[in-house]
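S.K.: Chains Y and R supply the protein sequences, listed in that same order.
Mapping of the first sequence onto my numbering: residues 20 to 671, in sequence order.
Mapping of the second sequence onto my numbering: residues 300 to 1019, in sequence order.
One structure follows; several queries about it will come next.
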Amino acid sequence: MADDNYPREDDIGDEEEELDETSYKSIRDAVLFAIEVSDSMLQPRPSADPRKPSQESPATAALKCAYHLMQQRIISNPRDMIGVLLYGTKLSKFYDEDEKSRGDLSYPNCYLLTDLDIPSAHEVLDLRSLVEDEDKAQDVLVPSEEPVSMANLLFCANQIFTSKAPNFSSRRLFIVTDNDNPHGSNKSLRSAATVRAKDLYDLGVIIELFPISQIEHEFDTSKFYDDIIYKASPIDPDAPAYLNPDSKTTDAQDGISLLNGLLSSINSKSVPRRAHFSNMSLELGPNMKISVSGYLLFKRQEPARSCFVWLGGEQPQIAKGVTTQIADDTARTIEKWEIRKAYKFGGDQVSFTPEEQKGLKDFGEPVIRIIGFKPLSALPFWANVKHSTFIYPSEEDYVGSTRVFSALYQKLLRDKKVALVWYIARKAAGPVLGAMIAGEEKVDENGIQKFPPGLWITPLPFADDVRQNPDAPLQVAPEPLIDQMRTIIQQLQLPKGIYEPQKYPNPSLQWHYRILQALALDEDLPEKPEDRTLPKYRQIHKRAGDYVLSWAEELDKQYEMISASSGPKSTLAKRPAKDKDAADKAGPPSKKIKAEANSGDLQEEVQKHYQKGTLSKLTVAVLKDYLTTQGRSAAGKKADLVERVEELLETK
Amino acid sequence: MADKEATVYIVDMGKSMGERRNGREVTDLEWAMQYIWDRITTTVSTGRKTAMLGVIGLKTDGTSNELQDDPHFSNISVLSEIQQFLMSDLRQLGEQIKPSNTDKGDAISGLIMAIQMIITHCKKLKWKRKIVLITNGLGQMSSENLDDIVSKIKEDNIELVILGPDFDDPEYGTKEEDKDPRKAESEALLRTVSEQCDGVFGTLEQAVSEMVIPRVKAVRPIASFKGFLQLGNPEDYDTAVRIPVERYPRTSVAKPPSASQFVLHSDLAAGQEGPESATAIPETQPEEGRALTSVRNLRTYQVNDESAPGGKVEIEREDLAKGYEYGRTAVHISETDENITTLETQAALELVGFIQSGQYDRYMHLSNTHIVVAQRANDKASLALSSFIHALFELESYAVARLVTKENKPPLLVLLAPSIEAEYECLLEVQLPFAEDVRTYRFPPLDKVNTVSGKVVTQHRNLPDDDLMDAMDKYVDCMELVDQDEDGDLVDTPFPIEDSFSPVLHRVNAAIRSRAIHPNDPIPPPADILTQFSQQPKHLLDKADRHLKKLIDVADVKKVPPKTKGRKRTREPEKPLSGLDVDALLNQEKRVKISPHNAIPEFKQTLAHAETIETTKDAVKQMRSIIEDQIRHSLGDANYDRVTEGLGVVREELISYEEPSLYNEFIKELKEKLLKENLGGDRRELWWLIRRSKLGLIDQRQSELSDVTEEEAKAFMSAQ
């Protein structure tokens, strides 16, 4: 039976991962936003930057954050749930209850805007329209005259989590408010709220507070919220706080920075959803073990696979696939225990018992064992096969792990060393050799951590994984040419000379979901994707253009010199050395001697035939060469090629 | 395509090969066969139809070859013509190979026979030809027409390998004392032949010992991209530049062969009853190989339909359209729009900008690596790329580039690093993460501690003190991996990549080959060479011993006894940040009965305040009825997740309060009710979920106070 609701292994390569032994929980995250609606929360805060006028209020900023998180999660964690609950509203809504229903309201002044669930396209749209459409906002975003009871709000959230997200490994209530003391000195309301907060704590719901300072008043958590928020180890005040200990107060006076501040602090609340492995022993030497947990902080995000949709109902519905296994000979259904694994060998099968099969991959208990150390500079750039795993100490199995780990981390960082490790990630995972590298903590301009401090294990290739370089005859560039190129490179440094992944969303992934969203909402399809990976052509031209031209001149000069000296034997020397087209300064493709025409000629020739309408007279080889130089696919039959060339030239 | 191969093995099967010599445990023939089987099974494992081999038996009792009428060719049998070897051929050969009762038979004639077979088979076509001769040299050899043989071997470009037990090999260091003069003579003769046709002549011991060094399969480089390295946009700017380049893999993980799923033929399987007997299948491997039939996956599709019985209906595959999920909305994509979500791109390697290599963190490498070289036979491109490589190198920079390998493939961001060797220059390329590929989990600093109370401290039990730092410093320095060169000087060695072999890959391959020839033998253990890097080198440990002891001493790491993990009885109740005593407030509220709407918190709180076992028992009883109600009223699987959560909480709490029997009693009765359909009908799916969530009996491993053994707990879960 196939069921998608339960932990799926992140890492496709390691399919054989078993469930965490202690966990009966489904590895998913449910986030419920509780956004206060009050006069001050609705008070727009104008932008300080006159070029970017905006009328962002704390409440709309919070809704935008929820909208943003929703979109992000649809892509990154399509099984996570998000809901939005407004409180302090004039209106009340809780499932089928609202003002019009009979009887008392269970949760007055609580308005469940988006139910806690995997977001649907319409919920995304509703949320967006609330943010963008003022009329709509005016219906809902109206503060109540009565103060809302926090106890009631917390129990409302409790009920939502209990019924909608049972058994989730992570459930969090995000409270966004600027009111640091909702109940003043009313003791009974306060104590009711603290009791309901304890209920949530016992239910396993974590309350995250996103406090916003009022214009004239700094948010003070000690007035009320310190009574309802719990931290990992409250007994021991010296215990290290694992996640950002203090909720960072957003106290920006202008709307844009308010929004950005809120976004950044919400992003900072991503929890390690699941350790890749936990409490693994890290052996520094014989009889010297500490425990560490591993996390995958880098993982290629792929678009979800396509699925089958049934259109026969009122709404399109995803069809759930169920796989049954049958024997090839009689088509009878097979039970799992009957299955044996065998290898194809010499036209027959070589089979092993399940125990033997397991034993083949068994090289001992999971471990990270340090074999020795080497300088970081000895690690070749190319010695890489996949993403690295981040490790961080845990005190669970060995008390004192953290200080030893810290000492090792500091030593490796300071002396730029790496450890060579024998690494078995899971039982029967197959050992790899890895380089264990120290990574320093990196923070952004708001002081929020971008990369954590810790050690990284980079799996190294085995001899079997290393490919030989193809032969490539070498023409070493002479100094003047290198000098020219150096200037070009110096002109085109990325900001601060570093690569920041956060600046480059994956264009095809974003496009994929952008289109899906438009289709789901029946919107017009967007015309042009936003692709931040495209080079900034204008800037390149402006900054380096002249240098490129002068480099190209130098290249021609140098090339003439070597072609002259290499004698008449070289077929290359026969080629016309002058290129008209600067774009092809570096020379034409001419792998095959028969296709010696340089690409300037190639372009002209194709162009000529195109104008005469005789493209089909060109040979397939010429068409292919041309298409390749244009970065287009050269696959298919001749007719396809001709069509593609026509298409290409039409747009020019 | 790999070249076609034809190899003929000539095996000396003479009576004398059946003897054990020089203290070896195996006979000479068995010893020789270790080598031959290794070679043959390596060829078989490629599964290539064009990798063919033949086998000739030398000094066989009978004679069976096409020249058998010629007395020169007596006692020589062609055991297998040149062909693709399959399992059946292996089995047949295994039966034929045994020592004969004679020592007659001329190795040189065997050689002629092999040459003849190759000529007949390969004609003048392009083949890789090879002859492997193994003999102990104890037999008559005629040296007639040797020149003809040599010239034929050279003319046809046949690779010749001659091996023998205890052949003298000064290079390897073998010298047999009191060698039989006949053998010495044969050895001399064979050595001459081998030398004359540039062949290999060696001692068997060396060949067998080298078998343990795994053979790395060479893969012919195939370009993964051919196009242009571009700076700027040539469509819009005349200052753009394009260098024709090719991209090849530098690393690519070699995967072990994957096993396919099989079951016993249905008529054979009929005799089996349950999982227990599955392991008791008779170990007659070769026959069983043929008794297996493959497994097919049958996929059916269901959609929810409230009006249907069971809430689900099956839909034919043809009636389904293609689509995607957007959140929980199904988005249908018609066939004509199939590529609508594909981003249109054009193949190119475009430079985005440059970064400082010193600022780059190596752990950002996301993929295997490639190299980028200039287009072949294009000197100008080579010159241009070389200037780029050198400029990067001199500036200590890397380039960030956008790579699209084929039209409409998703763009990748890659990092390009210069690589300059004496005779080779290229760019090394690795993929970089996009924004979506980074998970921002946060961890506290490792060199200071921010306490919950908001202080920053630098002295803490989680931070190393100076002694620990010092001990670590010395230990790490002492464990530096260096080798000694011939003069005894320490030299830096590169990372052990060239001589480290994938343990699983070679283990699986070796096991398959071993099982193929010795179906009834247990699998041999992994070769030592595969685990050579699994332990610290001894010489380093000896050197660092003192520092390690010191490190262990000052680190003072203590193993946590398993029992104290998660024990609750004595623990203080959790308090909020302010330290407010919420329990006092809870006590005021007096929650007598656990409300089904707030069951989990109230259950936990009741247990925390329970002063007598009766209170605990009562709380569990209340939870039972709440959970059973949830099951009874569950529409289909609607409440199942809540039920598992409830069970999980009860189980966890009772383990930490050391009352495992209360849970065990509960789950036993629940199982019975579920299977007897006492809780609202067929609830087998829920039982299956409970099994998968591992919510069965608490055994002794999980709680010392449990009277359930691990086996009992396992049986409880597996029994239907």
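Just so it is clear, CB atoms sit at the ideal spot from N, CA and C, and this is done for glycine as well.
Give the residues of chain Y in contact with residue 512 of chain R, contact being defined as C-beta atoms less than 8 Å apart.
M.R.: Per Cβ cutoff of 8 Å: no residues; residue 512 of chain R is ~10 Å from chain Y at best.
S.K.: Please tell me whether residue 1021 of chain R has its Cβ less than 7 Å away from any Cβ of chain Y.
M.R.: Residue 1021 of chain R lies beyond the range of chain R shown here (300 to 1019); nothing can be said about it.
S.K.: Within the same chain, show all residues whose beta-carbon is closer than 6 Å to that of residue 705 of chain R, passing over the 5 residues directly before and after it, in chain order.
M.R.: Result list for residue 705 of chain R: 646, in chain order.
S.K.: Chain R beta carbons: is any one of them nearer than 7 Å to that of residue 366 of chain Y?
M.R.: It does; some Cβ of chain R falls within 7 Å.
S.K.: Just tell me which of Y:419, Y:343, Y:371 has its CA closest to the CA of residue 591 of chain R.
M.R.: Checking every option, the nearest Cα to that of residue 591 of chain R belongs to Y:371.
S.K.: Is there a C-beta anywhere in chain Y that falls below 7 Å from the one on residue 712 of chain R?
M.R.: Yes, because at least one Cβ of chain Y sits closer than 7 Å to the Cβ of residue 712 of chain R.
S.K.: Between residue 680 of chain R and the rest of its own chain, which residues show a CB-CB distance below 6 Å, the 5 nearest in sequence each way excluded?
M.R.: Excluding positions up to five away in sequence, the list reads 542, 543, 673, 674.
S.K.: Using DSSP bridges, identify the partner residues of residue 725 of chain R.
M.R.: R:718, per the DSSP bridge assignment.
S.K.: Please indicate yes or no: does the CB of residue 430 of chain R lie closer than 6 Å to some heavy atom of the ligand HEM?
M.R.: With respect to the ligand HEM, the structure shown offers nothing to examine, as it has no ligands at all.
S.K.: If contact is defined by three or more beta carbon pairs under 8 Å, each pair taking one atom from either stretch, is the segment 119-137 of chain Y in contact with the segment 165-176 of chain Y?
M.R.: Counting Cβ pairs under 8 Å, three or more are found: they touch.
S.K.: Spatial neighbours of residue 256 of chain Y within its chain, please: C-beta separation below 6 Å, excluding the five flanking residues on both sides.
M.R.: Confidence is the limiting factor: at residue 256 of chain Y the pLDDT is only 38, short of 50, which leaves the residue's position unreliable and the question unanswerable from this model.
S.K.: Closer than 7 Å, CB to CB, is residue 286 of chain R near chain Y or not?
M.R.: There is simply no residue 286 of chain R to check, as chain R begins at 300 and stops at 1019 in what is shown.
S.K.: If we call anything under 7 Å between Cβ atoms a contact, is residue 193 of chain Y one with residue 732 of chain R?
M.R.: Not in contact: residue 193 of chain Y and residue 732 of chain R (Cβ atoms no closer than 7 Å).
S.K.: Which ranges would you report for the alpha helix (DSSP H) in the segment 503-563 of chain Y if only whole runs of at least 4 residues count?
M.R.: As far as the segment 503-563 of chain Y is concerned, its whole alpha helix (DSSP H) runs of at least 4 residues are 526-539.
S.K.: Buried or exposed for residue 566 of chain Y, going by 16 or more other Cβ atoms inside 10 Å?
M.R.: With 16 or more other Cβ atoms within 10 Å, it is buried.
S.K.: First and last residue of the beta strand (DSSP E) that includes residue 649 of chain R?
M.R.: Per DSSP, residue 649 of chain R belongs to the beta strand (DSSP E) from 647-655.
S.K.: Considering only residues of the segment 364-403 of chain R, which uninterrupted beta strand (DSSP E) runs meet the minimum length of 3 residues and lie entirely inside it, listed in chain order?
M.R.: With a minimum length of 3 residues, the continuous beta strand (DSSP E) runs that stay inside the segment 364-403 of chain R are 375-383.
S.K.: How should residue 400 of chain R be labelled, buried or exposed, when 16 other C-beta atoms within 10 angstroms of its C-beta is the threshold for buried?
M.R.: With fewer than 16 other Cβ atoms within 10 Å, it is exposed.
S.K.: Per DSSP, what kind of secondary structure is residue 1003 of chain R in: helix, strand or coil?
M.R.: Residue 1003 of chain R falls in the coil class under three-state DSSP.
S.K.: Taking C-alpha atoms, which residue in R:713, R:394, R:960, R:488 lies nearest to residue 445 of chain R?
M.R.: Of R:713, R:394, R:960, R:488, the residue nearest in Cα terms is R:488.
S.K.: Apart from the five residues just before and just after residue 572 of chain R, which ones in its own chain have a Cβ nearer than 8 Å to its Cβ?
M.R.: At residue 572 of chain R the pLDDT is 45, less than 50, meaning the model places this residue with poor confidence and gives no usable figure here.
S.K.: In the DSSP assignment, what are the bridge partners of residue 65 of chain Y?
M.R.: According to DSSP, which records beta bridges pairwise, residue 65 of chain Y is partnered with Y:74.
S.K.: Less than 7 Å between the C-beta atoms of residue 560 of chain R and residue 476 of chain Y, yes or no?
M.R.: Not in contact: residue 560 of chain R and residue 476 of chain Y (Cβ atoms no closer than 7 Å).
S.K.: Is there at least one Cβ from chain R nearer than 7 Å to residue 629 of chain Y's Cβ?
M.R.: False, the Cβ-Cβ gap to chain R never drops below 7 Å.
S.K.: Could you compute how far the alpha carbon of residue 501 of chain R sits from the alpha carbon of residue 570 of chain Y?
M.R.: Each residue's alpha carbon lies about 58 Å from the other.
S.K.: In the DSSP assignment, the beta strand (DSSP E) including residue 104 of chain Y goes from what residue to what residue?
M.R.: It spans 100-106 - the beta strand (DSSP E) in which residue 104 of chain Y sits, taken as one unbroken run.
S.K.: Who are residue 669 of chain R's beta bridge partners in DSSP?
M.R.: Residue 669 of chain R pairs with R:548, R:728.
S.K.: List the residues of chain R that residue 46 of chain Y touches, going by C-beta distances under 7 Å, in chain order.
M.R.: By Cβ distance, chain R contributes nothing, its closest Cβ being about 12 Å from residue 46 of chain Y, past 7 Å.
S.K.: Please state whether DSSP places residue 428 of chain Y in a helix, a strand or coil.
M.R.: DSSP places residue 428 of chain Y in helix when its eight states are reduced to three.
S.K.: Taking 7 Å as the cut-off, decide whether the C-beta atoms of residue 88 of chain Y and residue 51 of chain Y are in contact.
M.R.: Not a contact, by the Cβ cut-off of 7 Å.
S.K.: Can at least three beta-carbon pairs, one atom from the segment 895-903 of chain R and one from the segment 219-229 of chain Y, be found at a separation below 8 Å?
M.R.: Taking 8 Å as the limit for Cβ pairs, the verdict is that the segment 219-229 of chain Y does touch the segment 895-903 of chain R.
S.K.: Does residue 662 of chain Y get closer than 7 Å to chain R when you measure Cβ to Cβ?
M.R.: Residue 662 of chain Y does not count as touching chain R.
S.K.: Going along chain R in order, which residues have a C-beta closer than 8 Å to the C-beta of residue 307 of chain Y?
M.R.: Within chain R, the residues near residue 307 of chain Y are 847, 850, 851, 854, 856.
S.K.: Tell me where the beta strand (DSSP E) around residue 359 of chain Y begins and ends.
M.R.: Start and end: 359-364.
S.K.: Using a 10 Å radius around the Cβ and a threshold of 16 neighbouring Cβ atoms, would you call residue 549 of chain Y buried or exposed?
M.R.: Exposed: under 16 other Cβ atoms inside 10 Å.
S.K.: Tell me the residue span of the alpha helix (DSSP H) that contains residue 778 of chain R.
M.R.: No alpha helix (DSSP H) contains residue 778 of chain R, which DSSP labels as neither H nor E.
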